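Asker: This structure is in structure tokens; I'll ask about it shortly.
Following this line, the structure appears as structure tokens:
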């Protein structure tokens, strides 16, 4: 009886869960496809470039893309969770940690992973 309970608990503990999502190690475009790779170097998600657009950068928990007039934020499971206007954000110039940076005219903006602008400074 105890063996069954222990086996069931162990199997449950090893199951992927929303609280333990993949960590992104790479997001790559090959032809019409965007491939997401996990912390072990395994490809775990395939998305269409028609849906994603051009990859602008990635961190371990999210990635940023541009598709026409839109900036998209995707989570580590490949779900688009935020859409922002390119005219508001500007050119994405980098992604690091849980933030990304963009440049619009003579301004540089820092955004958090939720798409909230957290800093504005002059591009000098």
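In my numbering, the protein residues as written are -7 to 116. Quick reminder that beta carbons are idealized off the backbone N, C-alpha and C, glycines included. If you're wondering where the values come from, they're calculated on a predicted model, not measured in any experiment.
What residues in its chain sit with their C-beta under 8 Å from that of residue 6, if we drop five residues either side in the sequence?
Answerer: The predicted model places residue 6 with a pLDDT of 46, which falls under 50 and marks its position as unreliable, so this point remains unresolved.
Asker: Count the CB pairs spanning the stretch 103 to 114 and the stretch 83 to 92 that are closer than 8 Å, and state whether there are at least three.
Answerer: Short answer: they touch.
Asker: I'd like the ranges of any beta strand (DSSP E) spanning at least 3 consecutive residues and lying wholly in the stretch 23 to 109.
Answerer: Counting only runs of 3 or more, we get 25 to 30, 35 to 40, 46 to 50, 54 to 59, 62 to 67, 72 to 77, 83 to 88, 91 to 96 and 99 to 104.
Asker: With DSSP run on the structure shown, which of helix, strand or coil describes residue 116?
Answerer: Looking at residue 116 - three-state DSSP - the assignment turns out to be coil, as it is neither helix nor strand.
Asker: Note down the Cα distance separating residue 52 from residue 39, rounded to an integer number of angstroms.
Answerer: Going by the C-alpha atoms only, they are around 17 Å apart.
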